[in-house]
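The sequence shown begins at 5 in my numbering and counts up one residue at a time. Ideal Cβ placement from N, Cα and C applies to all residues, glycine included. The structure presented is a predicted model; accordingly, all values stated were derived computationally and were not measured. Report on the structure given below.
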Amino acid sequence: MMALTIPTHSSLNLPSLQYTPCNTFFQVIRPTRRKPSASSHFHIYNKNSNPKLCSKSAVLTRASADGGGSGAVDASPQQKASLSSSFSDNYVALFVRMLGLDNDPLDREQAIVALWQYSLGGKKCIDNIMQFQGCINLIVNLLQSELSSACEASAGLLRSISSVNVYRDVVAESGAIEEITRLLIQPSLTPQVMEQSICILWNLSVDEKLRVKIANPDVLPLLIKSLKDEDIRVKEAAGGVLANLTLTHSNHNIMVEAGVIPKLANFLKSAVDEESKVIRKEARNALVELCKNQYYRILVMEEGLVLVPLIGAAAYRSFIPALHSWPSLPDGSKIEHTFKGPSRFGASELLLGLNIDDKNANLEEAKMKAIIGRSKQQFLARTGAIEVEDTKLSQSGSSKTRQFTVLPWIDGVARLVLILELEDESAICRAAESIADASINEHLRNSFKEAGAVKNLIQLLDHNNDAIRLAAVGALEKLSIRSKVSACGKVNILLDLTLSSKFLVLGCHMLGFSALLNHNENSDFTYVTKLKIVCETIEAEGVMAPLINILKNSEMSESMMEKALNLLSRILDPNREMKLKFYDEPVNGFKKELDAARGDDASTGLSRKVDEMLQSKTNTRRDVLDLDVVARLVDMLKHPSPELQRKAASVLEFVAISDSSMDTVISVNIESGLLAIFQQIELNELESDDDSQQAEIHAVQVEEVGLAISSASRLLTKLLDLELFRHTINPSLFTKLLRKILKSNIPLQYKDWTAACLVKLGSLYSPTPILGFENPINMEVTLYEKIPRLIDQMRSSFSLEAQETAVLELNRIISEGMVDATRAVASDGGIFPLVKLIEGGSEKAVEAAICILYNLSMDNENHAAILAAGAVPALRRIILSERSQWKRALRLLRNLPT
Numbered sequence: 005m006m007a008l009t010i011p012t013h014s015s016l017n018l019p020s021l022q023y024t025p026c027n028t029f030f031q032v033i034r035p036t037r038r039k040p041s042a043s044s045h046f047h048i049y050n051k052n053s054n055p056k057l058c059s060k061s062a063v064l065t066r067a068s069a070d071g072g073g074s075g076a077v078d079a080s081p082q083q084k085a086s087l088s089s090s091f092s093d094n095y096v097a098l099f100v101r102m103l104g105l106d107n108d109p110l111d112r113e114q115a116i117v118a119l120w121q122y123s124l125g126g127k128k129c130i131d132n133i134m135q136f137q138g139c140i141n142l143i144v145n146l147l148q149s150e151l152s153s154a155c156e157a158s159a160g161l162l163r164s165i166s167s168v169n170v171y172r173d174v175v176a177e178s179g180a181i182e183e184i185t186r187l188l189i190q191p192s193l194t195p196q197v198m199e200q201s202i203c204i205l206w207n208l209s210v211d212e213k214l215r216v217k218i219a220n221p222d223v224l225p226l227l228i229k230s231l232k233d234e235d236i237r238v239k240e241a242a243g244g245v246l247a248n249l250t251l252t253h254s255n256h257n258i259m260v261e262a263g264v265i266p267k268l269a270n271f272l273k274s275a276v277d278e279e280s281k282v283i284r285k286e287a288r289n290a291l292v293e294l295c296k297n298q299y300y301r302i303l304v305m306e307e308g309l310v311l312v313p314l315i316g317a318a319a320y321r322s323f324i325p326a327l328h329s330w331p332s333l334p335d336g337s338k339i340e341h342t343f344k345g346p347s348r349f350g351a352s353e354l355l356l357g358l359n360i361d362d363k364n365a366n367l368e369e370a371k372m373k374a375i376i377g378r379s380k381q382q383f384l385a386r387t388g389a390i391e392v393e394d395t396k397l398s399q400s401g402s403s404k405t406r407q408f409t410v411l412p413w414i415d416g417v418a419r420l421v422l423i424l425e426l427e428d429e430s431a432i433c434r435a436a437e438s439i440a441d442a443s444i445n446e447h448l449r450n451s452f453k454e455a456g457a458v459k460n461l462i463q464l465l466d467h468n469n470d471a472i473r474l475a476a477v478g479a480l481e482k483l484s485i486r487s488k489v490s491a492c493g494k495v496n497i498l499l500d501l502t503l504s505s506k507f508l509v510l511g512c513h514m515l516g517f518s519a520l521l522n523h524n525e526n527s528d529f530t531y532v533t534k535l536k537i538v539c540e541t542i543e544a545e546g547v548m549a550p551l552i553n554i555l556k557n558s559e560m561s562e563s564m565m566e567k568a569l570n571l572l573s574r575i576l577d578p579n580r581e582m583k584l585k586f587y588d589e590p591v592n593g594f595k596k597e598l599d600a601a602r603g604d605d606a607s608t609g610l611s612r613k614v615d616e617m618l619q620s621k622t623n624t625r626r627d628v629l630d631l632d633v634v635a636r637l638v639d640m641l642k643h644p645s646p647e648l649q650r651k652a653a654s655v656l657e658f659v660a661i662s663d664s665s666m667d668t669v670i671s672v673n674i675e676s677g678l679l680a681i682f683q684q685i686e687l688n689e690l691e692s693d694d695d696s697q698q699a700e701i702h703a704v705q706v707e708e709v710g711l712a713i714s715s716a717s718r719l720l721t722k723l724l725d726l727e728l729f730r731h732t733i734n735p736s737l738f739t740k741l742l743r744k745i746l747k748s749n750i751p752l753q754y755k756d757w758t759a760a761c762l763v764k765l766g767s768l769y770s771p772t773p774i775l776g777f778e779n780p781i782n783m784e785v786t787l788y789e790k791i792p793r794l795i796d797q798m799r800s801s802f803s804l805e806a807q808e809t810a811v812l813e814l815n816r817i818i819s820e821g822m823v824d825a826t827r828a829v830a831s832d833g834g835i836f837p838l839v840k841l842i843e844g845g846s847e848k849a850v851e852a853a854i855c856i857l858y859n860l861s862m863d864n865e866n867h868a869a870i871l872a873a874g875a876v877p878a879l880r881r882i883i884l885s886e887r888s889q890w891k892r893a894l895r896l897l898r899n900l901p902t
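Okay, structure coming up:
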């Protein structure tokens, strides 16, 4: 047993006790039912003491401390006054002595309960207890007691001791964290003991160096599980520990992996009540800390929360609501005057929202949520109750960085849109940046559109503050992002080359996109239609004029230029326009769904703006064809940034397909811009051999250059349709550069338009057209683009039909005797997917794969790869089962060294 500073004696003159607090006295009883121990001869019973006092009436508060966090503190001031002197300070030594391991368990229980109550008197009482060396070890040992009251009192006493800064290290070094972990695992643990135990961790987590020790894989799951406890005080304590742990950024990864974000987010999304104020505050504090990481911020917003800047309640005083205007939806849609009769007291206007027939109305849920959010936030702003609680929290913190809070998406979206209407420039800038950060999925982007963010952001593009303009264009750029890649993405070339409908249907079947021809409710039609409405909304609100002004200004920053160009390219994307035209046709009853997405429903009394958008589209896009704008875009093709080059090429593609822009395109020397992009491949190859340590950086650069070259190749393909342009260029120079690009190391998916452009150049400028593989361009396109693409399709496609189509086409190429075709298949890694097709492909695919492997086996260098791929067992199974391909399999097997 740990040696104490109390001398052992066997007699105690209890009548000398001079001090007895009011309403509290001690009764001394001789223990007659137990064998007295050597070190304790008395059982002291506090007649008026209450073992459940602290757990039932302690008030949980937060106090700032050294580590920047907060902890749990016992007792209110009234309780401290009544409990500070439960017994004389002279008898602390006696009760500490009674904690010894050689004492009776009941004596130890009474002693720990008395010391717990005594510790509630404040720091002086705790100092009197802690002056005895080794007492902390005896207190921690009692956490193992089988008596619930002793265990609770021990945890309560440790909670009081750990609330003092100087004793936290002592508590942690005594093994309290390990004992608490053992306690929390027990399924029969009472809520009182659980509360006191977790509050110890709450106090210890104030110390930064102890947070790492607490945030371990054993404790975190127990804390997260405690968030579901029925006792609200247990939830509050667990939330407080987690909030403190997030103050150390090194804990974020393990906490997110343990699943803390969804559990904490549930408290903020649930209904507000008085009992949940503390746990909601702790959950908000924890999530705000996690949101400092950009990746974890996305996870938080995926749970239906939005990060909103705290700008101060005074900033909302500039908000002026429209009190006397006819009601409208947040996105600006007007509500029609459906009732023409007189209204004596104006009730038809005041109670307009109640005058909707639920049976006939079809108001979208997003619009209803936008109305609710706007009404709530405007009410809070007008009454001065907005940000009251959050402002107190931000003022109490020591951090001087920009403050944020986390709100449910309905309130968060409406709050951000409301801030855009204020006068505080700093607040407006932060709100626009938050909108950009929150636009992570289609749901939130559509919610911002319905809340009216688009109109406010476009108005900010003309602001005289460059920071606000940059934030606004960045938010609009994020709002225009496509939420889902359409199934049409892989038939873009077919669509853009305007092939016949018969060949388009064939191409869809070849690529495995039967959903394009047989629409169902789970296909991509809804996504594309919603994307169309969002883009049309941004365009119809007048974004084109300020964007063009930004492009014309050569003094604009590169960041501003890139975001503006990115937004403009999304609006004018010819590929998107082609897909939307394809979707506009009613397919298998899709017309009704399209009309619903466009808002063609008169039952709600709302005037839709979609038709107005379509009528104004032509007028807003004419400015893009201006000579100064086109010249500025051509200059961007020569910019060293591949991202700017790609977006400029995309916008110029829209210019190229306009009939009235032919003279403009010729006059700005667009050929020089295209050559600047294509010549990047030479510089890229020279840099690739310099330093092998920067392979990752070089790979990213190759990716970016590949995207720019693909966009430029596509633009050149469209420009070749213009006869005047064909007479002004040097076709041999373009052909030389494109052939070099085709053989380069840029990713395969970026070579498709390069190959198409090469084929078109050969067909237009060749004096005598050469068909088939005798044409060197056709041969190189097949070797460096078509064969690798077919092999990739066999390797990565999950569709047996697509795999069969690819292997049949590959077999046709090789069977025609193209030079170096088999070598290209082997070098591009085609042997392994061919063997895999033999094992599990269709009958036609198996036969074609065996034929290709037979041709490859003619070269002895390929034998090792064929054997390593496992061809021999697969061929033997075919032969033994006498399948229709067994003769071809036998012929191939004889060629191999088995």
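Here Phe408 carries a strand assignment [DSSP, helix/strand/coil].
Residues Leu679, Phe682, Gln683 and Ile685 of the same chain have their beta carbon placed closer than 8 Å to that of Leu741, with the five preceding and five following residues left out of the count. The segment 145 to 191 is shown to contain whole alpha helix (DSSP H) runs of 4 or more residues at 152 to 166, 172 to 177 and 180 to 189, in chain order. Taking the Cβ atoms as the reference, Ala869 lies roughly 7 Å from Ala830, within the contact range of under 8 Å. For Phe802, the closest alpha carbon among the candidates Glu813, Gly845, Leu762 and Ser885 is that of Gly845. DSSP places Pro877 inside the alpha helix (DSSP H), whose first and last residues are Ala875 to Leu884. The residue among Pro901, Ala176, Glu183 and Ile116 with its C-alpha nearest the C-alpha of Ser153 is Ile116. In this structure, DSSP gives Leu900 a state outside helix and strand, which the three-state scheme calls coil. A Cβ-Cβ contact shorter than 8 Å links Glu789 with Asp756.
Here the C-alpha atom of Ile670 lies approximately 13 Å from the C-alpha atom of Ile661. At least 8 Å separates the beta-carbon of Phe408 from that of Leu294. DSSP places Leu311 inside the beta strand (DSSP E), whose first and last residues are Leu309 to Pro313. DSSP, reduced to helix, strand and coil, places Met798 within a helical segment of the structure shown.
Of Ala442, Glu446, Cys433 and Asn445, the smallest CA-CA separation from Asn460 is found for Cys433. CA-CA distance, Val638 to Leu737, rounds to 19 Å.
In this structure, Ile258 lies near Leu224, with their beta-carbon atoms less than 8 Å apart. Inclusion of Leu838 and Ile856 in the CB contact set at 8 Å is warranted, their separation being smaller than that value. Scanning Asp627, Ile376 and Arg419 for the CA closest to the CA of Glu391 turns up Arg419. The distance from the Cβ of Ala269 to that of Gly243 is about 12 Å, inconsistent with a contact at the 8 Å cut-off.
In the structure shown, the three-state DSSP call for Arg887 is coil.
Burial check for Val823: the Cβ neighbour count within 10 Å stays below 16, so the residue is exposed. Taking every protein chain shown into account, the CB of Leu208 has 16 or more other CB atoms within 10 angstroms, so this residue is buried.
Leu787 places its beta carbon less than 8 Å from that of Ala828.
In the structure shown, the three-state DSSP call for Gly546 is coil. The three-state reading of DSSP puts Ser665 in helix, counting H, G and I together. Pairing Leu724 with Arg730 gives a Cβ-Cβ distance under 8 Å.
Runs of alpha helix (DSSP H) with 4 or more residues, each lying fully within the segment 403 to 457, are found at 413 to 423, 429 to 442 and 446 to 454, listed in chain order. In this structure, Leu411 sits near Val310, with a CB-CB distance shorter than 8 Å. C-alpha of Glu150 to C-alpha of Cys129: approximately 27 Å in a straight line. Distance from the CA atom of Pro550 to the CA atom of Ala635, rounded to whole angstroms, is 18 Å. Per DSSP, Arg650 is one residue of the alpha helix (DSSP H) stretching across Pro646 to Ala660. The DSSP assignment places no complete beta strand (DSSP E) segment of no fewer than 3 residues inside the segment 208 to 254.
Leu303 and Arg887 have their alpha carbons spaced roughly 52 Å apart.
Taking a 10 Å sphere around the C-beta of Gln121, we find 16 or more other C-beta atoms and assign the residue as buried. By the neighbour-count criterion, in which 16 or more other beta carbons inside 10 Å mark a residue as buried, Val282 falls on the buried side.
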